[in-house]
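Here the structure comes first, spelled out in structure tokens, and everything after it is commentary.
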Amino acid sequence: MSSFWTWAGNISSLIGIIGTGFSIAIWFRLKRETKKAIERSQRNVEDESYKEMVEFHSKISSTSPYVFCVSLTERADSIKKDVENYFKNAGEKIEHFEELQFQGLTHENFPEFVMSLKKKRRFFQASGATEILLFISGPMQAAVMIGAIFDNWIPVKVYNFNPNTRKYEYWCPLIK
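With the working numbering, the residue at position 29 of the sequence shown is 374, and numbering never jumps.
Now the structure itself:
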């Protein structure tokens with residue numbers, strides 16, 4: 346009987362040694378893979394592909410683009426006329442202009458703004474919009490919310506008003 350317990354003890358020790366060996370091997374492999382992942386994350390992102398994408402989206406190439414003018418500041422009226430003039434001066438014929446206007450965006454009316462954005466998105470979807478040309482005058486919080494709600498649904502192209510030139514200019518598409 347004592348030889349059985351000696352044999353069982355030896356088997357148990359052997360299993361423990363093998364388990365420890367596997368654990369050490371897994372730890373080394375995990376450490377090596379983590380190091381590789383960190384090195385990959387620190388490499389430069391393909392800058393050229395981003396530039397190509399920005400350039401590709403700089404042209405209005407879809408069949409049913411919609412211009413979306415968002416005016417959210419208290420001191421500014423609608424930006425829709427300025428945006429219409431921008432396209433007129435650029436020689437672009439855009440048929441669909443939509444506007445969302447709040448006389449000042451505040452913490453209190455932010456939920457109403459979010460619901461209005463969701464309604465606009467449903468409207469654009471039901472209308473068959475193929476891309477959104479976004480012009481916004483308002484706080485950064487609104488821009489973040491627009492990005493969250495329109496989240497890579499269709500191309501959303503962001504335009505910025507340059508205060509130096511007093512003209513709008515295309516910046517980039519909303520992308521992840």
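C-beta atoms are modelled at their ideal positions from N, C-alpha and C, and glycine is treated no differently.
1. Do three or more CB pairs link the region 415–429 to the region 476–485 at distances below 8 Å?
2. To the nearest angstrom, report how far apart residue 448 and residue 394 are at their CA atoms.
3. Return the first residue and the last residue of the beta strand (DSSP E) that residue 446 is part of.
4. DSSP three-state label for residue 430, please.
5. Report the rounded CA-to-CA distance for residue 432 versus residue 400, giving the unit in angstroms.
6. Tell me, to the nearest whole angstrom, how far the beta carbon of residue 445 is from that of residue 415; I am working on the premise that it is less than 8 Å.
7. Spatial neighbours of residue 486 within its chain, please: CB distance less than 8 Å, with the 5 preceding and 5 following residues excluded, ordered by chain position.
8. Under 7 Å, do residue 475 and residue 407 count as touching if we go by C-beta distance?
9. For the putative contact between residue 464 and residue 402, defined by C-beta atoms under 8 Å, what is the C-beta separation to the nearest angstrom?
10. Between 413, 441, 436, 418, which has its C-alpha nearest residue 504's C-alpha?
So, to answer that:
1. At 8 Å Cβ cutoff, the stretches touch.
2. Approximately 39 Å between the Cα atoms of the pair.
3. 441–446
4. helix
5. 18 Å
6. 5 Å
7. Result list for residue 486: 450, 455, in chain order.
8. yes
9. Their Cβ separation, rounded to whole angstroms, is 25 Å, which puts residue 464 and residue 402 out of contact at 8 Å.
10. For the residues 413, 441, 436, 418, the minimum Cα distance to residue 504 belongs to 413.
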